[in-house]
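Novice: Attaching a single structure in structure tokens format; questions to follow.
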Amino acid sequence: MIRSRSYLRGVISKRSSTSLGRLSSIRLATSGSGYNEAKIDELIQLPSHFPRRDSTPFASKDIQEFVHTVSESKLSSDASRSSGGANTPPSNNNNNNNNNNNNNDDDDNKQLSVSADTGLYPPLLAIPMKDRPPLPGRPFAINITDPEVIKSIYTIIDKREPYFVLFHVKDQNEPDTDVIKTKDSVHEIGVHCQIIRHTTPRPGVFNVLGYPLERCLLEELSSPEDRKPLTGEQQAKVTNESSGEEEGSKEPNESIETEQDEFPTAYLKNLNVSYATVKPVKDLPFDKASAEVRSLVESLKALLSKMGGKNPLEKLQVAEVTSLVNDPPKFADFVVSAIHSEPKKIQEILEELNVENRLSKALDLLKVELKASLIKENTIHNLSSKADEYQTRLFIKEFIKELQKRAGLTESEEKKTSKYEERLKHLKLTDEAMEAYKTESAKMENQNEHSSELGVTERYLDWLTSIPWGIYSKDRFNIKEARKILERDHYGLKDVKERILEFISLGRVSGKVDGKILCLAGPPGTGKTSIAKSIAEALDRKYVRIAMGGIQDVHEVKGHRRTYIGSIPGRIIFALKQAKTSNPLLLIDEIDKLDLSRGGGAASAFLEILDPEQNNAFVDNYIDVKVDLSKVLFVCTANYLGNIPGPLRDRMEIIDVSGYTNNEKVEIAKRHLIPDAAKKAGLQAGHVDIADDTITRLIEKYCRESGLRNVKKLISRIFSKASLKIVEQIESKEEKEGKSIEAPKSEEKQEVASKPAKEEEISETSAENKPEEVSENTATEFEASEETKKENKDEHSKQEKVEEVEEFEKLNIPDDIKLSVTTENLKDYVGPEIYTRDRVYDIPPPGVATGLSYSTSGNGDALYIESILTHSISSGSGHAGMHVTGSLKDVMKESASIAYSFVKLFMSKNYPDNRFFEAADIHVHCPDGAIPKDGPSAGISFTSSLLSLALNQSLPPTVAMTGEITVTGRVLPVGGLREKTLGAKRYGCNTIIFPKDIENELEEIPEEVKEGVTFIPVEWYQEVFEKVFPDISPEKCNNVWKEEFAKLDAKKQNKNKE
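One gets my numbering by counting positions in the sequence shown from 1 and adding 12 to each.
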């Protein structure tokens, strides 16, 4: 923008007298700044440093920088020393800058005065501000981006009228703008400001340093949107007025006269900016000497002193405020200006005209500022103290290490890998592993002791040298010893033991047991884990167990790469480290619980581990070196083979560990569970007598699962209850004899117990004789060595606890005290019976059939199928069909539909006069609805239930059946015959109908399981029908619903007639 010559008159010198005057101004501005007059004269060499009339302003860079520095340091103090109606801004003469600064002489600026008639200033440029509003007497800076506003600022500077008004925006969410559009968008109280200087820090941004002169009230606002453009004549006047005249032809204050109706700043009309008419706002009258005002001022002074003491950078501001103490309004404005508060609070101070209230609000804001300053100081102090503490601790640690090394208490640290090299003497690392060791050890030697990488390298070398490279235990292939161990630890499981002995004998023949992955599959509590321990003991191998429950991430198996923070090897490497041999027996427990929800990553890792063709080069992500797992004997356990992925299951040799019979459970309880429970309870077998019939009742009425876990829990509960009864008997007996149950204390223990008392006596005596020494020691303990005292106290309390445990000896139970657990008092020990009846129906109604189920946990159970008519046939209100309930899944629902289709075919062929299924609305239900049920084995049970309902004939209560049915009536094979037989016997069923295709499984069922049970193999359902309905005649089958259908037909005829 082209500057007018009148503007240049405020920058350059017209006459030599002006130069002398400017020198005086600069000297005045620099007074008290620390610059001596020689320095000032050196920088200001008149007239050579002054620019010519046709040169660019501010040619002297030294003057610019010097005056700029001085003006910055004196700006606030000049403001604080100003007085009068409107605050006087600091002199502009010392504000030189090479960025278009306003360097007008004070005498050249037109002083805008208040109209005597209206009490208003002429319209002034109005600018909105979203940041914290300024307060009178404190300079501020504002950035302008609107080109029209920037142009208007240049115009008012050229006019020697560098004044504008600033108002704070009400809504902070409004877009940034430099023009006030409406009067309601800003607060009505603003500040009347003067431009001190301006700069252009970057293109498009205009920075103005303003000085707030006084508070003002917004009366009228004119925005560009609601203002008409100037007429041609007015525009010409404004243009002529802004052009000015040549220098020296007229005085600075000369200008073209405007019309009487135009205001002095009428040129603002033609500028696309907002301008406002304001009037000055004065503070309300107050008593400067009142106690309230003096008290508030003193409180502010005290808080300012505290802030100056806390932060040295704030001492300058505190020093500046001392001259304003006698002017409370300006004092309050200055204090608030120096506080970091939100704009809303500052605006409240700006609008507060009651001086006493303004001082009170300033005091509140200053308290908050001081509190924040203290928090900041404490935070910095804490961080600094922690850093100092860390450095001190580090120095002490190094100092102690050096002392220990010089005293010979520790080995020299010349070689950091010495402990790892010591391990290598007993290991046989592969070439790849040795290469990795050399690489990492060389890296470790060159690392700084306090480097974070050193810990990573140390941890890697520790794991690498913890793997038992080349260390193998010698296998023991002794069949006789293995048989002895298996018989000692397990009762029954004849087939399982035979398979294990076969496995061991193969190892003896070949000299190794490579390539075998055993999987022990069976219900919970059948001893699969203990069998694996017995195998390890028989082979004389180390036993390590890995639990697979919930593992879903492949990194838990194969480890994380070392690039991750806190990475560690997987469970396989950890197991080898734990076993300390390369050929342990590694039990992968409950592999069927492997979580496959994330794509089966962990299962894929086990494919590599369990495959004999791949596991000789297993690579853990952390170790990153091939590890040979081919010598490891893997034994897996599972409850349900169906949950194991097919490829993984194909690599295993499955050994079925079926559930125990009741006789086996009784024998195991007598041989193992009862002695173990008695030992844990501190009792002998003779103190508690549990008869065989009691154990049998416990198993039948409380524990019907295939395993022994619940049996073990209940036996432990029996001995716990027995211990309570025995102690109560002894206490009752000793109370009658007048004795105490506590065992007598030994002399040594009495002496130990008496030591604290003696020490107390000694301390009391010494306290009486030497009170001063005791007080000094006490103070030292509390001030200097409180931690040591606490540690000693903890050690003393631990010793007392140990001594208290040893005070009581084992209770001697007299021989005449003996408890007997019988079938009559069993419920006193374990509670009421859980299974109160053998079967649900003693005499089942028509439509009820007894099926057999086999759960995934390996338990066999009876499954009842119930069918009923929802409406009588004669009523005619039902719709022929069937619906099933009982939490049945898809396969079982399909089985019921197949049975329904088959029975309709069966009845139409064999008993055509029985039209039951033409009108019967049937509801089929399987009890225990909370338990999901699935599978095809209930097919013949569904069929028998529907036929029983159709023939209105009950089925035998002691007959159970299992088998899949087809729509043609063929009976197909199912699984779990052994477990289903056990379940049938528990429910009192002595006849089992099963598919003939699995008749060969009867040979594998123990004789004690088959004892008392009649097995009937069938191929077609006709054979089942003949067994369950042996005495029914065709005539009865055809006429069973004859009367009902007669009534139904009569109703239909009557309905047709109507």
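For glycine and all other residues, C-beta sits at the position ideal for the given N, C-alpha and C.
State buried or exposed for I408, treating a residue as buried only when at least 16 other CB atoms are found within 10 Å of its CB.
Specialist: Looking up residue 408 in the sequence shown gives position 396. With fewer than 16 other Cβ atoms within 10 Å, it is exposed.
Novice: If you count every other CB in all the chains shown that lies within 10 Å of the CB of R418, and 16 or more means buried, which is it?
Specialist: Here residue 418 refers to the residue found at position 406 when the sequence shown is read from its first residue. With fewer than 16 Cβ atoms within 10 Å of its Cβ, R418 is classed as exposed.
Novice: Can you tell me whether DSSP reads I558 as helix, strand or coil?
Specialist: Locating residue 558 in the sequence shown gives position 546, counting from the first residue. Strand at I558.
Novice: What did DSSP end up calling E11 once you bin it into helix, strand or coil?
Specialist: The chain is shown only over 13 to 1070; residue 11 falls outside these bounds and no answer can be derived.
Novice: When the Cα of K692 is compared with those of N390, A734 and G131, which residue comes out closest?
Specialist: Numbered from 1 along the sequence shown, position 680 holds the residue referred to as residue 692. Checked all of N390, A734 and G131; the closest Cα to K692 is A734.
Novice: Considering only their Cβ atoms, is the gap separating D701 from N651 smaller than 9 Å?
Specialist: For the purposes of this step, residue 651 is identified with residue 639 of the sequence shown, where counting begins at 1. For the purposes of this step, residue 701 is identified with residue 689 of the sequence shown, where counting begins at 1. The answer is no: Cβ separation not under 9 Å.
Novice: Tell me whether N185 is buried or exposed, calling it buried when 16 or more other Cβ atoms sit within 10 Å of its Cβ.
Specialist: For this step, residue 185 is matched to residue 173 along the sequence shown. By the 10 Å Cβ count, N185 comes out exposed.
Novice: Check for me: the alpha helix (DSSP H) holding M894 runs from which residue to which?
Specialist: Translated into the one-based positions of the sequence shown, residue 894 becomes position 882. Counting along the chain, M894 falls outside any alpha helix (DSSP H), though it belongs to the beta strand (DSSP E) covering G893 to T897.
Novice: V380: buried (16+ other C-beta within 10 angstroms of its C-beta) or exposed?
Specialist: Residue 380 sits at position 368 when you count from the first residue of the sequence shown. It is exposed - the Cβ of V380 has fewer than 16 other Cβ atoms within 10 Å.
Novice: Assign R849 to one of two classes, buried (16 or more other C-beta atoms within 10 Å of its C-beta) or exposed (fewer than that).
Specialist: As a first step, residue 849 must be located in the sequence shown, where it is residue number 837. When all chains shown are included, R849 counts as exposed.
Novice: Counting only the same chain and skipping the five closest in sequence on each side, list residues whose C-beta sits under 7 Å from that of D1061.
Specialist: Here the question's residue 1061 lines up with position 1049 in the sequence shown. Here the set comprises nothing.
Novice: State the CB to CB distance for the pair L371 and V305, rounded to an integer number of angstroms; the pair is presumed to be in contact (CB under 8 Å).
Specialist: Start at 1 with the first residue of the sequence shown, and residue 371 comes out as number 359. Start at 1 with the first residue of the sequence shown, and residue 305 comes out as number 293. Confirmed, Cβ separation roughly 7 Å.
Novice: Decide if N804 is buried, meaning its Cβ has at least 16 other Cβ atoms within 10 Å, or exposed.
Specialist: Sequence index remark: in the sequence shown, residue 804 carries index 792 (1-based). Note that N804 scores a pLDDT of 48, beneath 50, so its modelled location is shaky and nothing firm can be said.
Novice: Tell me the residue span of the alpha helix (DSSP H) that contains R435.
Specialist: Within the sequence shown, residue 435 is the residue found at index 423, counting from 1. Per DSSP, R435 belongs to the alpha helix (DSSP H) from S430 to L436.
Novice: Between which two residues does the alpha helix (DSSP H) holding C938 run?
Specialist: Translated into positions along the sequence shown, residue 938 becomes position 926. Looking at the DSSP string, C938 is not in any alpha helix (DSSP H), and its letter there is neither H nor E.
Novice: Once DSSP output is grouped into helix, strand and coil, what is the label at D601?
Specialist: For the purposes of this step, residue 601 is taken as residue 589 along the sequence shown, with counting starting at 1. The answer is strand: DSSP assigns D601 an E or B state.
Novice: According to the Cβ coordinates, are V1030 and K1039 closer than 9 Å?
Specialist: Translated into the one-based positions of the sequence shown, residue 1030 becomes position 1018. Translated into the one-based positions of the sequence shown, residue 1039 becomes position 1027. The answer is yes: Cβ separation under 9 Å.
Novice: Return the CA-CA distance between E746 and E836, expressed in angstroms with no decimal places.
Specialist: Within the sequence shown, numbered from 1, the residue matching residue 746 stands at position 734. Within the sequence shown, numbered from 1, the residue matching residue 836 stands at position 824. Answer to the nearest angstrom: the Cα atoms are 29 Å apart.
Novice: State the beta-bridge partners of Q206 as determined by DSSP.
Specialist: What you label residue 206 is simply residue 194 of the sequence shown in a count that begins at 1. Beta-bridge pairing links Q206 to Y175 and Y223.
Novice: Mind checking G222: buried by the 16 CB within 10 Å criterion, or exposed?
Specialist: Here residue 222 refers to the residue found at position 210 when the sequence shown is read from its first residue. It is buried - the Cβ of G222 has at least 16 other Cβ atoms within 10 Å.
Novice: What residue from E493, F179 and E200 has the CA that sits closest to D190's CA?
Specialist: Here residue 190 is taken as the residue at index 178 of the sequence shown, counted from 1. Among E493, F179 and E200, the Cα nearest to that of D190 belongs to F179.
Novice: Can you tell me whether P535 is buried or exposed, with buried defined as 16 or more other CB within 10 angstroms of its CB?
Specialist: Position 523 of the sequence shown, counted from the first residue, corresponds to residue 535. P535 is buried by the Cβ-count criterion.
Novice: For the putative contact between G863 and A911, defined by C-beta atoms under 8 Å, what is the C-beta separation to the nearest angstrom?
Specialist: Position 851 of the sequence shown, counted from the start, is the residue given in the question as residue 863. Position 899 of the sequence shown, counted from the start, is the residue given in the question as residue 911. That belief does not hold up - the Cβ atoms of G863 and A911 are roughly 11 Å apart, past 8 Å.
Novice: Going along the chain, which residues of its own chain have a beta-carbon closer than 6 Å to the beta-carbon of K1069, five neighbours each way excluded?
Specialist: Indexing the sequence shown from 1 puts residue 1069 at position 1057. Hits under 6 Å: none found.
Novice: Got a sec? Which residues, its chain only, sit under 6 Å from D1091 by beta carbon, not counting five neighbours each side?
Specialist: Not covered by the structure: residue 1091. The range shown for the chain is 13 to 1070.
Novice: Report the residue ranges of all beta strand (DSSP E) runs contained in full by the segment 845-892; include only those spanning at least 3 residues, in chain order.
Specialist: Fully enclosed beta strand (DSSP E) runs of 3 or longer: 860-866 and 872-881.
Novice: Sorted by chain position, which residues of the same chain lie with C-beta nearer than 6 Å to V631's C-beta, five sequence neighbours on each side aside?
Specialist: Counting from 1 along the sequence shown, the entry for residue 631 is found at position 619. Taken in chain order, the residues that qualify are K638.
Novice: Go through its chain and collect everything with a Cβ distance to A344's Cβ below 6 Å, but skip five positions before and after it.
Specialist: Within the sequence shown, the letter at position 332 stands for residue 344. Once the five neighbours on either side are set aside, the close Cβ partners of A344 are R370, L371 and A374.
Novice: How should G539 be labelled, buried or exposed, when 16 other C-beta atoms within 10 angstroms of its C-beta is the threshold for buried?
Specialist: In the sequence shown, the residue the question calls residue 539 occupies position 527. Classification of G539: buried, given that the 10 Å Cβ count is 16 or more.
Novice: Assign L395 to buried or exposed, taking buried as 16 or more other Cβ atoms, counted over all protein chains shown, within 10 Å of its Cβ.
Specialist: In the sequence shown, residue 395 corresponds to position 383, counting from 1. So L395 ends up on the exposed side.
Novice: Starting from the N-terminal side, write out each stretch of the alpha helix (DSSP H) that is 4 residues or longer and does not extend beyond the segment 1009-1055.
Specialist: The segment 1009-1055 contains these whole alpha helix (DSSP H) runs: 1019-1022, 1033-1040 and 1046-1051.
Novice: For a test of the three-state rule: what should DSSP assign to I52, helix, strand or coil?
Specialist: Here residue 52 corresponds to residue number 40 of the sequence shown, with the count starting at 1. With a pLDDT of only 39 at I52, under 50, the local geometry of the prediction cannot be trusted, and no value is derived from it.
Novice: From H572 to E510, what does the alpha carbon distance come to, in whole angstroms?
Specialist: Counting from 1 along the sequence shown, the entry for residue 572 is found at position 560. Counting from 1 along the sequence shown, the entry for residue 510 is found at position 498. Approximately 41 Å between the Cα atoms of the pair.
Novice: Is F152 helix, strand or coil when you go by DSSP?
Specialist: For the purposes of this step, residue 152 is taken as residue 140 along the sequence shown, with counting starting at 1. Reduced to three states, the DSSP call for F152 is strand.
Novice: Out of S317, S353, D295 and I351, point me to the one whose CA is closest to P340's CA.
Specialist: Looking up residue 340 in the sequence shown gives position 328. Ranking S317, S353, D295 and I351 by Cα distance to P340 puts D295 first.
Novice: Please state whether the Cβ-Cβ distance between V936 and V896 is less than 9 Å.
Specialist: The residue given as residue 936 occupies position 924 in the sequence shown. The residue given as residue 896 occupies position 884 in the sequence shown. Cβ distance < 9 Å, so V936 and V896 count as in contact.
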